[in-house]
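Undergrad: Numbering of the sequence shown is given in full-length UniProt numbering, commencing with residue 1 and proceeding in unit increments.
In this text, a Cβ means the ideal position worked out from N, Cα and C, and glycines have one as well.
As the structure is a prediction and not an experimental result, all values here were calculated from the model.
The following block contains the structure, expressed as structure tokens.
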Amino acid sequence: MGATWRITVLTSRLLRLEWHPHGEFVDGPTQLVTSRDFPAAPFTVHDDGASLHLTTEHLELTYDGAAFSPAGLHIQLRHAAGVPYGAAWNFGDVDSTDL
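What follows is the structure, encoded as structure tokens:
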């Protein structure tokens, strides 16, 4: 979590990404996630000074810490997700299928 962003690992396949210029975040239920009472999902975080790298069993996220942008927020499916070609998503991408 940074001053203007928050990333929550809900499951190994589900992340909640939040950005607000004043660091104001909603902790209550949302339209899509009414309860955050998920079992803890293992993950690792590495900050190399330029980017944050968050890895779960199924996802790899890279984030530059700035306002969400296509160049600064990227998620890659890992082979463990059952997608051998490694589907990728950048902030702002519109995809008719799920990541």
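1) Would you please state the rounded distance, in angstroms, between the beta carbons of Arg16 and Thr8? I believe it to be under 8 Å.
2) Name the one or two DSSP bridge partners that Ala50 has.
3) Mind checking whether Ile75 and Leu52 have CB atoms under 9 Å apart?
4) Report the rounded CA-to-CA distance for Val33 versus Ala40, giving the unit in angstroms.
5) How would you call Thr56, buried or exposed, if buried means at least 16 neighbouring beta carbons within 10 angstroms?
6) Quick one: grab the DSSP three-state call for His74.
7) Just to check my reading of the structure: Phe43 and Thr11 have Cβ atoms closer than 8 Å, yes? What is that Cβ distance to the nearest angstrom?
8) According to DSSP, which residues form a beta bridge with Arg16?
TA: In short, the structure shows the following:
1) 4 Å
2) BP columns for Ala50 are empty, so no partner.
3) no
4) 16 Å
5) buried
6) strand
7) The pair is not a contact, with the Cβ atoms about 10 Å apart (cut-off 8 Å).
8) Thr8
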